[in-house]
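Presented below is the structure to which this report refers.
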């Protein structure tokens, strides 16, 4: 089974803190993604990485950065947390199911509260 | 602006009936279409994928694609309470591997 893990399920941080969210996948996938999910807005892409040390901005990259030093690990960094970054953060990696069907496999999510 | 639109619901369907979920997309270059299911407090998981016009069936689920009208739908036959979830529609352009996501439709199956 494909497994995508995220470092924390719940996180509470203060405004201005630097926040690190880590994601690890165990299937040697090249493509990895960071989304945030807010009620009524669906999944919005923050950043994605198509290979080690390769990254591209998604739709809402402002206030975030990413790091991909190893293939299995994709980190999201909030440089200076703000209250409008309170959200559910989902990491995903892109691969194929047993039948060859392409999909994105999601981690369990990190619910971040910025006070 | 590439967009994927879904009715947010909730859509309430009696147990045993057919649930019909709809999704429209704006970019005619869209090539692949996905339906993900997300239970409350859980992550999305893929349930159906379609890329050709017409119907694709998998058990109780049928995906329908009409590229001329730019919509894709998901039918769930013999709806069960366990089908109660939010259903996310996602679209991929052929040119890259990013998905464009709808906001999801909340489905409630009433026993």
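Chains as they are written, first to last, in the working numbering: chain A, -17 to 97; chain B, 28 to 138.
Note that CB positions come from ideal geometry on N, CA and C, so glycine has one too.
> So which of 62(B), 56(B), 55(B) and 70(B) has the shortest CA-CA distance to residue 47(B)?
Replying inline: In the second chain, the residue the question calls residue 47(B) occupies position 20. Nearest of 62(B), 56(B), 55(B) and 70(B) to residue 47(B), Cα basis: 62(B).
>> Residues of the stretch 78 to 89 of chain B in Cβ contact with chain A at a cutoff of 7 Å, in chain order, please.
In response: none
>> Less than 8 Å between the beta carbons of residue -7(A) and residue 94(A), yes or no?
In response: The residue you call residue -7(A) lines up with position 11 of the first chain. The residue you call residue 94(A) lines up with position 112 of the first chain. Going by C-beta atoms, residue -7(A) is nearer than 8 Å to residue 94(A).
> Are the beta-carbon atoms of residue 1(A) and residue 29(A) separated by less than 8 Å?
Replying inline: Taking the first residue of the first chain as 1, we reach residue 1(A) at position 19. Taking the first residue of the first chain as 1, we reach residue 29(A) at position 47. Not closer than 8 Å, so no.
> Buried or exposed: residue 75(A), going by 16 or more other Cβ atoms within 10 Å of its Cβ?
Replying inline: For the purposes of this step, residue 75(A) is taken as the residue at position 93 of the first chain. Its Cβ being crowded by 16 or more others within 10 Å, residue 75(A) is buried.
> What is the C-beta distance between residue 104(B) and residue 59(B), in whole angstroms, given that I count them as a contact (C-beta under 8 Å)?
Replying inline: Your numbering for residue 104(B) matches position 77 in the second chain. Your numbering for residue 59(B) matches position 32 in the second chain. Contact between residue 104(B) and residue 59(B) does not hold, since their C-beta atoms are separated by about 24 Å, which reaches or exceeds 8 Å.
>> Let me make sure I understand the geometry here. Which of 51(B), 43(B) and 45(B) has the alpha-carbon closest to that of residue 129(B)?
In response: Numbered from 1 along the second chain, position 102 holds the residue referred to as residue 129(B). Selected option, being the one with the closest Cα: 51(B).
>> Since residue 33(A) and residue 12(A) should fall inside the 8 Å C-beta cutoff, what is the C-beta to C-beta distance between them, to a whole number of angstroms?
In response: Locating residue 33(A) in the first chain gives position 51, where the first residue counts as 1. Locating residue 12(A) in the first chain gives position 30, where the first residue counts as 1. Their Cβ separation, rounded to whole angstroms, is 5 Å, which keeps residue 33(A) and residue 12(A) in contact under 8 Å.
> If you drop the 5 nearest sequence neighbours on each side, which residues of the same chain put their C-beta closer than 6 Å to that of residue 133(B)?
Replying inline: Indexing the second chain from 1 puts residue 133(B) at position 106. Around residue 133(B): 36, 37 and 113.
>> Using a Cβ-Cβ distance cut-off of 8 Å, determine whether residue 125(B) contacts chain A.
In response: Working through the second chain from its first residue, we reach residue 125(B) at position 98. Taking Cβ atoms only, chain A reaches closer than 8 Å to residue 125(B), which makes this a yes.
>> At a CB distance below 7 Å, what residues from the stretch 15 to 40 of chain A approach chain B? Give them in sequence order.
In response: 22, 23, 24, 25, 27 and 30
> Under a Cβ-count criterion, where at least 16 other Cβ atoms within 10 Å of its own Cβ denotes burial, should residue 23(A) be classed as buried or exposed?
Replying inline: On the first chain, residue 23(A) is found 41 positions in, with the first residue counted as 1. The residue in question, residue 23(A), is exposed, as its Cβ has fewer than 16 Cβ neighbours within 10 Å.
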